[in-house]
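Chemist: For reference, the structure I am asking about is given below.
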Amino acid sequence: MEFRKVLALRGPNVWAHSPVLEAWVDLGSWKNKLSNAIPGFNSRLMAWIPSAVDHRCSLGEPGGFFERLRQGMNLAHALEHVALELQSLAGVEIGFGRARETSEEGVYKVAFKFKDETLARECLAKARELVLAAAGDEAFDMTATVKHLQHVADDSMLGPSTRSIVDAAKLRGIPSSRLDKYSLVQLGHGAAQRRIRAAETDLTGAVAQSIAQDKDLTRRLLQSAGVPAPVGFVVENEADAWETAVDYVGLPVVVKPQDGNQGRGVTTNLSTEEAVIAAFRAARAESESVIVEKFAPGDDYRLLVINGKLVAASRRDPAHVIGDGKRTVNELIAIANTDPRRSDGHSNVLSKIRVDEIAVNTLAFQGMTAESVPAAGQKVLIRRNANLSTGGTATDVTDIVHPEVAARAIDAAKVVGLDIAGIDVIATDITLPLEEQGGVIVEVNAAPGLRMHLAPSEGTPRNVGKAIVDMLFPKGNNGRIPVAAVTGTNGKTTVTRFLAHVLRGTGKTVGMTCTDGIYIDDRRIDSDDCSGPVSAGMVLLNPEVEAAVFETARGGILRAGLGFDECDVAVVTNIGEGDHLGLQDIHTPSDLARVKRCIVEAVSRKGTAVLNAADPLVVAMAPYCRGSVLYFAREEDNSVLIGHRANGGRAIFVRNETIVYAQGFAEQALLTVGEIPMTHGGRIGFEIENALAVLGAACAMGIDRRTILDRAKCFASDMSKVPGRMNVIDVRGATVIVDYGHNVDALRTMVETLDVFPHQRRLALYTMAGDRRDDDIQRVGEILGDSFDRVVIYETVTARGRKPGETANILRQGLDRGDRVSMIEEIGDSRTALEHSLDLVKAGDILLLQADAIDTTMEWVGEYLRSSRKAGIVSDGAVVSAGR
6 MEFRKVLALR GPNVWAHSPV LEAWVDLGSW KNKLSNAIPG FNSRLMAWIP
56 SAVDHRCSLG EPGGFFERLR QGMNLAHALE HVALELQSLA GVEIGFGRAR
106 ETSEEGVYKV AFKFKDETLA RECLAKAREL VLAAAGDEAF DMTATVKHLQ
156 HVADDSMLGP STRSIVDAAK LRGIPSSRLD KYSLVQLGHG AAQRRIRAAE
206 TDLTGAVAQS IAQDKDLTRR LLQSAGVPAP VGFVVENEAD AWETAVDYVG
256 LPVVVKPQDG NQGRGVTTNL STEEAVIAAF RAARAESESV IVEKFAPGDD
306 YRLLVINGKL VAASRRDPAH VIGDGKRTVN ELIAIANTDP RRSDGHSNVL
356 SKIRVDEIAV NTLAFQGMTA ESVPAAGQKV LIRRNANLST GGTATDVTDI
406 VHPEVAARAI DAAKVVGLDI AGIDVIATDI TLPLEEQGGV IVEVNAAPGL
456 RMHLAPSEGT PRNVGKAIVD MLFPKGNNGR IPVAAVTGTN GKTTVTRFLA
506 HVLRGTGKTV GMTCTDGIYI DDRRIDSDDC SGPVSAGMVL LNPEVEAAVF
556 ETARGGILRA GLGFDECDVA VVTNIGEGDH LGLQDIHTPS DLARVKRCIV
606 EAVSRKGTAV LNAADPLVVA MAPYCRGSVL YFAREEDNSV LIGHRANGGR
656 AIFVRNETIV YAQGFAEQAL LTVGEIPMTH GGRIGFEIEN ALAVLGAACA
706 MGIDRRTILD RAKCFASDMS KVPGRMNVID VRGATVIVDY GHNVDALRTM
756 VETLDVFPHQ RRLALYTMAG DRRDDDIQRV GEILGDSFDR VVIYETVTAR
806 GRKPGETANI LRQGLDRGDR VSMIEEIGDS RTALEHSLDL VKAGDILLLQ
856 ADAIDTTMEW VGEYLRSSRK AGIVSDGAVV SAGR
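Mapping of the sequence shown onto the working numbering: residues 6 to 889, in sequence order.
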């Protein structure tokens, strides 16, 4: 059993709207063996993961998975369920998984949802080990595996503070993206984004953080604002610490680092020189500077202030154990640490209790060591400070905090300058003002931990993540920018560029991704094929982008899902006979439509799918749209369009050369097709369809009519706006069409289009990529042979799995069956082939010049035209107007 590949589909995908891990599993020697035919397999699997009894499997009820095992299932299906259950045992509940055989016997696609990719990949690897061990009657340490996976989860997943904010954002419909392997997260998209790192936001000032880090400066600022704070001083050495404690502060005292955090190096209630010196050493280990301040009796409280409001408060109790008269302190700590809420670090709601130097000193102060046996019922402190990070516990007291205490906490946050602040208060009674009881605020913390409020040991949990999200995104702001996605077999890039052109007319900064690269307005920031999810993600990370248009190709969807969680508009131009068939287990146009349908499924509930009413495979996507549907078609008598309008639906179509936008039976004439330069006087049918798709999408996005019309009238398919897409130029009186079309549908449509250009002889320069099926390559050759008088072919630099010359030979086989072609030339070098083809044309000819590598092709064409002008061969290279 081997993994051919493992893909993380991080965005909406062909399996689900949520992230999915997809493994291509080659069962090898196990491909024909079912679970019930492998001796002992079922019993071993059930014994190792008995909790999987809850899996419903295809039977749809608890116990379904085990019943299916007894009936017999292939090992890929078993692998899926084991991977799911291992995630659950690691602490992440996941309920979706699928196992489907590919077109290759014995090779399956196993897919399951995940919340953390690192954990999911490790669960998949361990699931394989477990299934093989069960099949081969080998030992498997389930306990060690679960413990390992729990550690992986602790290390890789967002901590509870960050997770609470991300979860609160999700409930508000605000998208999130994790920017590093730690806790840096972007909420929202583009210009609407905000960033957090745990309870620190992009509103948290660096100056405020530095003030909060300096405990002495914080204390002085608090005192200046009339906030009760303890007397304290920075000390230089051990002798100075004791002298300050006795002569200037008064015993008992607290010794702490000047710039520490999470309670590290803090020791409280010290009254002896020995204790003060030991505490000084512990504090100095955390910081160059040490503070000695007056100890205030009372309980330790943490008040959480967000955006000038008290949102939560907890009483924190120091890490401790209760004796039973039998066990040592060490043994009692070990028992306490078995609490499933405790973990190493901060990944769970409580931290494990540690025995370190401060713990040893705290025990010594009580006359004990870690090996002492406390009496039954005796409370033994392990720490004197009450931080959760050192093993403490918390009790929610939000509802009983006195208003004056809350006011002083808010004052403390303001004087330091923090948007989110954890205020540490020492008080004997939180229901009374601090001034009445000698209570004090001892620290103001930036990026405070939220665990104690989210899941207190006792009391009411507080949704503090929501308070942070509400601060960052006031009511009505979901952190989103307008997003349009475009897919289909042909026309994607043109529609994407045209729609981005229209959006720019609104004054917004527009991010666009397409086959030609990534653009921020006119600036090209990447020149590769950028029609996949990574490129879309880059645009959504850009804080300048106010609207986005994404060309969305099948390859990216299959490799990683969509680069966005939802869109306002999804445009599907066509499916037709498809393209790239035979790759990644996509063999039919219906298979391809299922992939491209992902963008329709990602349309928001208030969004619109703009669909081609003339393509049945596109029309079939409509029921999967959560929002509304707008159909486009050149003919107004299209039956789908008529039925849709009869039900009040929106449509855009052509009537008497005029583009009409309609909702139900209400109609609005927009402009004539001839007013859109891209259509060459309204004579190029596929460009009219592209224009309809764009205008429909623009209307669906709420762009005002005047802007739509003005922008449509100045969008031409020239080499600068849409390079390699129906670029028409004049060379020595011949018409040269430079176009990227590279499949059967594109070529057939182009051949029909040639009739609108006056010409005497037809020539073509064409190539095919090696990753197309033999039949598709031959059919392209046949169309070329039936439609052109002279054809020049060449082979792309990238053979894509074929031997040199193989693709050209297959293309020639189709050409040889053509009825019209009288001369076929094969040239090995692509530039030589291009220049040779351009040299061939004469006045009255028409040449279809396929732009395989668009940037390179356009550069070569430009160089050819410039050199020809210098030689006096070409006068201008001007755009040609189509005629009948």
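Even for Gly, the Cβ is constructed at its ideal location relative to N, Cα and C.
#1: Tell me the DSSP secondary structure of F720 in three-state form.
#2: Given a threshold of 16 other Cβ atoms within 10 Å of its Cβ, counted over all protein chains shown, does M828 qualify as buried or as exposed?
#3: Using a threshold of 9 Å, state whether the C-beta atoms of S536 and F555 are closer than that.
#4: Which one or two residues does DSSP pair with R767 in a beta bridge?
#5: Helix, strand or coil: how does DSSP classify Y869 here?
#6: The alpha helix (DSSP H) that contains F370, what's its start and end?
#7: Assuming contact is defined by CB atoms lying nearer than 9 Å, are L124 and A83 in contact in what I supplied?
#8: Just to confirm my understanding: we take I43, look at its own chain, exclude 5 residues before and 5 after, and list those with CB closer than 6 Å. What are they?
#9: Assign T167 to buried or exposed, taking buried as 16 or more other Cβ atoms, counted over all protein chains shown, within 10 Å of its Cβ.
#10: Residue range of the beta strand (DSSP E) that H685 falls in?
#11: List the whole-angstrom C-beta distance separating K497 from T578, where the pair is believed to meet the contact cut-off of C-beta under 8 Å.
#12: How is L337 classed by DSSP in three states: helix, strand or coil?
#13: Is it the case that the Cβ atoms of N652 and Y636 are separated by a distance below 9 Å?
#14: Assuming H747 is part of the beta strand (DSSP E), what are its boundary residues?
#15: Should A961 go down as buried or exposed, given a rule of 16 or more other Cβ atoms within 10 Å for buried?
#16: How is the alpha helix (DSSP H) around H506 delimited, first residue to last?
#17: Below 8 Å on the Cβ atoms is my guess for A489 versus A702; work out the distance and round it to an integer in Å.
#18: Taking the alpha-carbon positions, what's the G522 to T501 distance?
#19: Expressed to the nearest angstrom, what Euclidean distance is found between the alpha-carbon atoms of V785 and S722?
#20: Any chance the segment 838–848 sits against the segment 806–820, with 3 or more Cβ pairs inside 8 Å?
#21: Decide if T433 is buried, meaning its Cβ has at least 16 other Cβ atoms within 10 Å, or exposed.
#22: Are the CB atoms of T494 and L597 nearer to each other than 9 Å?
#23: Quick check on T343: buried or exposed, where buried means 16 or more other Cβ atoms within 10 Å of its Cβ?
#24: Check each candidate in G382, D821, A130 and V733 and name the one with the smallest Cα separation from V866.
#25: Going by beta carbon distance, what residues of the same chain come within less than 7 Å of K299, once the five residues before and after it are set aside?
#26: Taking the alpha carbon of Q738 as the point to measure from, which residue in G849, S377 and V634 has its own alpha carbon closest?
#27: Taking 6 Å as the limit between beta carbons, can you name the residues of its chain near A116, skipping five residues before and five after?
#28: Fully enclosed by the segment 131–189, which alpha helix (DSSP H) runs are 4 residues long or longer?
#29: Per DSSP, what kind of secondary structure is E556 in: helix, strand or coil?
#30: On the DSSP bridge list, what partners appear for Q191?
#31: Kindly indicate the opening and closing residues of the alpha helix (DSSP H) around V624.
#32: Figure out for me which residue from R639, I338, N366 and F370 has the closest Cα to the Cα of R359.
#33: Quick check: the Cα distance between Q218 and H194, rounded to an integer number of angstroms?
#34: DSSP state of C572, grouped into three classes?
#35: Taking the runs of the beta strand (DSSP E) that are 3 residues or longer, which of them lie wholly in the segment 216–262?
#36: Going by DSSP, which residues form a beta bridge with N617?
Modeler: Quick look at the numbers:
#1: It is coil, neither helix nor strand.
#2: exposed
#3: yes
#4: I851
#5: helix
#6: E362 to F370
#7: no
#8: A140
#9: Around the Cβ of T167, a 10 Å sphere holds 16 or more other Cβ atoms; the residue is buried.
#10: Segment: none, H685 is in no beta strand (DSSP E) and carries neither H nor E.
#11: 6 Å
#12: helix
#13: no
#14: Taken as a continuous stretch (DSSP letters only), H747 belongs to no beta strand (DSSP E), as it is neither H nor E.
#15: Nothing about residue 961 can be reported from this structure: the residues present for the chain run from 6 to 889 only.
#16: K497 to R509 is the span of the alpha helix (DSSP H), which, as asked, contains H506.
#17: 6 Å
#18: One C-alpha to the other measures close to 12 Å.
#19: Looking at the two C-alpha atoms, the distance is approximately 24 Å.
#20: no
#21: Around the C-beta of T433, fewer than 16 other C-beta atoms lie within 10 Å, and the residue is accordingly described as exposed.
#22: It is a contact, given that the beta carbons lie within the stated cut-off.
#23: exposed
#24: Here the closest residue by C-alpha is V733.
#25: Within the same chain, K299 has close Cβ partners P235, V236, G237, V254, G255 and V258.
#26: In the sequence as presented, Gln is not what sits at residue 738; that position holds Gly. If we check each option's Cα against that of G738, G849 comes out closest.
#27: W20, V25, E27 and R103
#28: 147–161 and 165–176
#29: strand
#30: Under the DSSP definition of a beta bridge, Q191 partners with S182 and R200.
#31: Looking at the DSSP string, the run of the alpha helix (DSSP H) that includes V624 is P621 to V624.
#32: If you compare the alpha carbons of R639, I338, N366 and F370 with that of R359, the shortest gap goes to I338.
#33: 31 Å
#34: strand
#35: You should have 237–240 and 258–262.
#36: F637
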